[in-house]
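Take the sequence shown: its letters are residues 476 to 709, numbered as in the numbering used here.
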Amino acid sequence: MTAVVTDDRLIVALDVPNALEGLKLAEQLGDSVGFYKIGLGMLTGGGLGLANELKTELGKRIFLDMKLFDIGATIEAAVRGLAQFDLDFLTVHGDPHVVRAAKQGASGKPMKILAVTILTSLDRADLDAGMIKLGDLPDLVAERAGRAFEAGADGVIASPQEAAMIRALPEASGRLIVTPGVRPAGSALGDQKRVATPAQAIADGADHIVVGRPIWSAQDPRAAAEAILSELRG
476 MTAVVTDDRL
486 IVALDVPNAL
496 EGLKLAEQLG
506 DSVGFYKIGL
516 GMLTGGGLGL
526 ANELKTELGK
536 RIFLDMKLFD
546 IGATIEAAVR
556 GLAQFDLDFL
566 TVHGDPHVVR
576 AAKQGASGKP
586 MKILAVTILT
596 SLDRADLDAG
606 MIKLGDLPDL
616 VAERAGRAFE
626 AGADGVIASP
636 QEAAMIRALP
646 EASGRLIVTP
656 GVRPAGSALG
666 DQKRVATPAQ
676 AIADGADHIV
686 VGRPIWSAQD
696 PRAAAEAILS
706 ELRG
């Protein structure tokens, strides 16, 4: 049999209630999708078990989106434990002390540490409410990305609207940019505020796009995923 080559630029977010629903969606998508994101909301619904099953039984790549934040020693211990699960990507907050500790915890493992810059569901008003320093949001994202790269991050999470700015940073050479907040043309924004289409995100420098609701809420999830892949391939 000929192995199916998937386009891993598309990461499908399994933002569904539990592992059974996640596995059902993965089975619907079949060989069209090779990379899945499992987030914090799935953790108590069997997320780590699902990650292991998708990885070992179905040969999928796994992005565990935990957005870890704590003191350095705790981050290092948590990442060292998660690194035993043969994951591909893990997110932590982009504060330099967190990134450095996460890289130490992942030492010797192939798991890549991705730093969160500013969540794609936030805008300047949200940053004001959280007492984040003044400045245009894209500039703050680029600054956080640069500091995360300097601390050793393998990549960053940023909205597609900041992808080009981050890609232009000298520190971004050889690093990954992963963009949530991607919506096919005509899709509802949901809880995202800084969005772009799949093709635009890739054109602006993203290595991977993360798409959830437009796929899992579609009447035909596989057709929705394949439409996005077709757009990426031009």
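Note that CB positions come from ideal geometry on N, CA and C, so glycine has one too.
Candidates A699, S648, V685 and L615: closest to F538 by CA position: Residue V685 is the option with its Cα nearest to F538.
Boundaries of the beta strand (DSSP E) in which A488 is found, first to last residue: In the DSSP assignment, A488 falls within the beta strand (DSSP E) that extends over L485 to A488.
As assigned by DSSP and simplified to three states, the class of D540: In the structure shown, the three-state DSSP call for D540 is strand.
Span of the alpha helix (DSSP H), counted from its first residue to its last, around G627: Looking at the DSSP string, G627 is not in any alpha helix (DSSP H), and its letter there is neither H nor E.
Whether V657 touches A633 by CB criterion (7 Å): Contact annotation: V657 and A633 have beta-carbon atoms that are not nearer than 7 Å.
Proximity to Q579 [Cα-Cα], best of Q559, I593, V554 and K608: When only C-alpha atoms are compared, the closest one is V554.
DSSP-derived helix/strand/coil call for I593: Here I593 sits in coil by DSSP.
Nearest-angstrom Cα separation, counted from H683 out to R484: Cα to Cα, the separation comes out at about 4 Å.
Length of the line joining the Cα atoms of G514 and L529: Computed Cα separation, rounded: 14 Å.
Length at least 3, wholly inside the segment 634-695: the beta strand (DSSP E) runs in chain order: 651-654 and 683-686, all fully within the segment 634-695.
Bridge partners - D632, DSSP secondary structure assignment: Per the sequence shown, the amino acid found at residue 632 is Ile instead of Asp. Answer is V591 and V653, bridged to I632.
Alpha carbon of G521 to alpha carbon of A494, nearest angstrom: Distance between the alpha carbons of G521 and A494: 5 Å.
Stretch-stretch touch, CB-based, cutoff 8 Å, three pairs: the segment 671-682 with the segment 495-511: The segment 671-682 is not in contact with the segment 495-511.
T566, enclosing alpha helix (DSSP H) - first and last residue: For T566, there is no enclosing alpha helix (DSSP H); the enclosing beta strand (DSSP E) has its first and last residue at F564 to H568.
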